[in-house]
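Structure, as structure tokens:
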Amino acid sequence: LSNPCLNNGTCVDQIWNYECQCLPGYTGSNCHLLIDSCSSSPCVNGLCRNKLNGYDCICLSSSYTGTNCEIRINKCASNPCMSNATCINSINSFICLCPPWYSGLTCSQQIDPCLSERTCANNGTCLVNYDIEPYGYTCQCLPGFTGDMCETNIDD
């Protein structure tokens, strides 16, 4: 006699009938069905892939890890922001809030305030001084001019 039970199930002969005792992971009258371990949606932030005796989760983004993609990865944990910037964890990434005079994705680029078009008037010389707020510079005025930005002609 051939065994009607599939997937190495054991056939138990009964009067006028038979019963299949299935190996773990299989079900159905002939052990022909793989138990759906994904039916309960165990993968919180991922796709569930059914397999014999269980499932695997494939996390949908790099922001999650864990058996069920249930652990959110803190992208700020590695301190990616420079120059004492504030790091904000976001989905798939992070955002650095740069302090004054810094820019760039990780606040690694220092801004030269003297490169601004609105610095010293009347050919005054711009001197970087990040401690001077709000400008970050001082102006060295030519003779005959005064003011924070050499804007006042004292010879007039």
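Under the UniProt record's numbering, the sequence shown has 113 at position 113, and the numbering climbs by one with no breaks.
All C-beta atoms, glycine included, are put in the ideal place defined by N, C-alpha and C.
Note that the structure is predicted; figures quoted are calculated from it, not measured.
Please identify the residue among the options whose C-alpha is closest to the C-alpha of residue i.
i: His32; options: Cys126, Asn74, Ile95 and Cys20; result: Cys20
i: Ile111; options: Ile71, Tyr137, Ile91 and Asp13; result: Tyr137
i: Gly124; options: Asp131, Leu142 and Ser61; result: Leu142
i: Asn45; options: Pro100, Lys51 and Ile58; result: Ile58
i: Ser108; options: Cys120, Asn84 and Ser116; result: Asn84
i: Ser39; options: Ser29, Tyr102 and Gly54; result: Gly54
i: Asn8; options: Gln14, Ile15 and Pro24; result: Pro24
i: Met82; options: Asp156, Trp101 and Leu6; result: Trp101
i: Ser116; options: Ile35, Leu105 and Val128; result: Val128
i: Asn118; options: Gly104, Asn50, Pro80 and Pro134; result: A small fix is needed here, since residue 118 is Arg in this sequence, not Asn. If we check each option's Cα against that of Arg118, Pro134 comes out closest.
i: Ser41; options: Ser63, Thr67 and Gly28; result: Thr67
i: Asp56; options: Ile71, Ser29 and Ser37; result: Ser37
i: Ser29; options: Arg49, Asn74, Cys5 and Asn50; result: Cys5
i: Arg72; options: Ser90, Asn122, Cys96 and Leu105; result: Ser90
i: Ala120; options: Ser103, Cys139 and Leu105; result: Note that residue 120 is Cys in the sequence shown, not Ala. Comparing Cα positions, the closest option is Cys139.
According to DSSP, what are the bridge partners of residue i?
i: Tyr18; result: Asp13
i: Cys96; result: Cys87
i: Cys57; result: Cys48
i: Thr106; result: Bridge partners of Thr106: none, in fact.
i: Thr65; result: Ile71
i: Asn153; result: Phe145
i: Thr27; result: Leu33
For my contact list, residue i and residue j are in at a C-beta cut-off of 8 Å; report their separation, rounded to the angstrom.
i: Cys98; j: Cys114; result: No, Cys98 and Cys114 are not in contact; Cβ-Cβ is about 19 Å, not under 8 Å.
i: Leu60; j: Leu52; result: Actually they do not touch by this definition, with Cβ atoms about 24 Å apart.
i: Cys11; j: Asn3; result: 5 Å
i: Ile43; j: Cys22; result: Contrary to the premise, residue 43 reads as Cys rather than Ile in this sequence. 25 Å between Cβ atoms; not a contact.
i: Tyr26; j: Ile15; result: That pair is no contact at about 25 Å.
i: Gly144; j: Asp131; result: The Cβ separation is near 28 Å, so there is no contact.
i: Asn122; j: Cys150; result: 5 Å
If you follow the beta strand (DSSP E) that residue i is part of, which residue opens it and which one closes it?
i: Leu47; result: Gly46 to Lys51
i: Thr138; result: Tyr137 to Gln140
i: Cys126; result: Thr125 to Val128
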